[in-house]
Amino acid sequence: MQLQKELGERATLVNVPGAAHLLPLEQPEEAASRIVDFLRKLDG
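This is how it looks when you write it as structure tokens:
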């Protein structure tokens with residue numbers, strides 16, 4: 002949360018139910034989807 006405060010609007014916090022610290026390994030499809038969504042917003 003501290004990093005989010007420091008980055009302000011440049012940060013996006015996403016809560017993925019059932020995920021722990023290794024989202025790309027635990028839920029690779031969800032991780033990829035969230036990353037693509039983020040990148041699309043940057044490109045927008």
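Each number in this note's numbering corresponds to the 1-based position in the sequence shown with 1 added.
The beta-carbon is built from N, C-alpha and C at its ideal position, and this holds for glycine as well.
For clarity, every value in this text was computed on a predicted model and none was experimentally measured.
Can you tell me which of the three DSSP states Val17 falls into?
For the purposes of this step, residue 17 is taken as the residue at position 16 of the sequence shown. Coil.
Distance, Cα to Cα, Ala33 vs Arg41?
Against the sequence shown, residue 33 aligns to sequence position 32. Against the sequence shown, residue 41 aligns to sequence position 40. Near 12 angstroms, if we compare the C-alpha coordinates of Arg41 and Ala33.
May I ask which residues mark the beginning and end of the alpha helix (DSSP H) holding Ala33?
For the purposes of this step, residue 33 is identified with residue 32 of the sequence shown, where counting begins at 1. Segment Pro29 to Asp44, the alpha helix (DSSP H) holding Ala33.
Could you tell me the distance, in whole angstroms, from the CA atom of Glu7 to the CA atom of Thr13?
As a working mapping, residue 7 is identified with position 6 in the sequence shown. As a working mapping, residue 13 is identified with position 12 in the sequence shown. Roughly 12 angstroms separates the two Cα atoms.
Taking the C-alpha atoms as reference points, what is the distance between Pro50 and Ile36?
Here the chain has residues from 2 to 45 only, and residue 50 is not among them.
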